[in-house]
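A short worksheet on the structure shown next.
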Amino acid sequence: MTSFLAVLTIVAVAAITPGPNNFIVMSASLRGGVAAALPAIAGVIAGSIALLVLVWAGAGTLFEMVPEIQPVLRIAGAAYLIWLGFCLVRKASGPGGGTDDQALPATAWGVASFQLLNPKSWVLVVTAVSAVGGTLAGMASLAVIFVAVMAPCLTIWAFAGQLISRWLVDRRSRCTFDTVMGVLLVGSAAMLLP
Numbered sequence: 001m002t003s004f005l006a007v008l009t010i011v012a013v014a015a016i017t018p019g020p021n022n023f024i025v026m027s028a029s030l031r032g033g034v035a036a037a038l039p040a041i042a043g044v045i046a047g048s049i050a051l052l053v054l055v056w057a058g059a060g061t062l063f064e065m066v067p068e069i070q071p072v073l074r075i076a077g078a079a080y081l082i083w084l085g086f087c088l089v090r091k092a093s094g095p096g097g098g099t100d101d102q103a104l105p106a107t108a109w110g111v112a113s114f115q116l117l118n119p120k121s122w123v124l125v126v127t128a129v130s131a132v133g134g135t136l137a138g139m140a141s142l143a144v145i146f147v148a149v150m151a152p153c154l155t156i157w158a159f160a161g162q163l164i165s166r167w168l169v170d171r172r173s174r175c176t177f178d179t180v181m182g183v184l185l186v187g188s189a190a191m192l193l194p
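For the sequence shown, the working numbering gives the first residue as 1, with consecutive numbering after it.
Written as structure tokens, this is what we have:
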């Protein structure tokens, strides 16, 4: 029971603290309100559960057997996040201003697929599976925890995006916000690199 409580806490902290998933959800709600963020929320949750299945099916064991995969995944994920950050900064400083919507996954499928490159998601899933073991009941419980915890946490980020959008109506404030978010994304991704 204590391992599930620990996992619940880890999932809650990971889901509510700033990261790429939260940024994608907030960006969607900035563009179209909370309703526009629902596919992103569904994508994060579906992608996380898909990672859970992958780890249960053997990806976790593969990471133990071939530890060289972990740094490759970390570098690929960090490189993608750095690219996203640079896209935001470039677009914000360009003639049109605003976010580079093509850089961020926009569909539920795209956001779900993004989880394969999201280092934070991999760490969360591998840690959770390690804590509860690889039983079918354990995996089902983790899936329930992921949905029950991630949905409200990501919804908070969607409401935050909708709230912030009120202050980002002019080009200058939107460009400043996007530049700051892009720099923060690049900086946090750079910390993942060796």
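Cβ coordinates follow ideal geometry from the N, Cα and C atoms, glycine included. The structure displayed is predicted, hence computed values, not measured ones.
| Query | Result |
| --- | --- |
| So, Leu117 versus Tyr80, is the Cβ gap smaller than 8 Å? | yes |
| Could you give the distance in angstroms between the alpha-carbon of Ser188 and the alpha-carbon of Leu88? | 14 Å |
| For the alpha helix (DSSP H) that Arg166 lies in, which residues bound it at each end? | First-last for Arg166: undefined, no H or E at that position. |
| Tell me whether the segment 61 to 79 and the segment 175 to 186 touch, counting them as touching only if at least three CB pairs, one residue from each stretch, are closer than 8 Å. | no |
| Find out if the Cβ-Cβ distance for the pair Pro105, Leu73 is shorter than 8 Å. | no |
| With a threshold of 8 Å on Cβ separation, who are the neighbours of Ser141 within its own chain once the five nearest residues in sequence on each side are excluded? | Phe4 and Val132 |
| Could you pull out every residue in the same chain whose Cβ sits closer than 8 Å to the Cβ of Ser48, ignoring the five residues on either side in sequence? | Gln115, Ser121, Leu124, Val125, Phe146 and Met150 |
| Looking at the structure shown, is Val66 part of a helix, part of a strand, or coil, going by DSSP? | coil |
| Spatial neighbours of Asp100 within its chain, please: C-beta separation below 8 Å, excluding the five flanking residues on both sides. | Any reading at Asp100 must be qualified, since the residue scores a pLDDT of 46, below 50, and its modelled position is unreliable; the value itself is stated next. Around Asp100: Cys87, Leu88, Arg90 and Lys91. |
| Enumerate in chain order the residues of its own chain whose CB-to-CB distance from Ile45 is below 8 Å, with the five nearest sequence positions on each side excluded. | Phe146, Val147, Met150, Ala151 and Leu154 |
| Ordered along the chain, which non-local residues of its own chain (more than five positions away) have a Cβ less than 7 Å from that of Phe177? | Leu168 |
| Would you tell me roughly how many angstroms separate the C-alpha atoms of Cys175 and Gly58, rounded to the nearest one? | 43 Å |
| In or out: Pro71 buried (at least 16 other Cβ within 10 Å) or exposed? | exposed |
| So, helix, strand or coil for Thr61, using DSSP? | helix |
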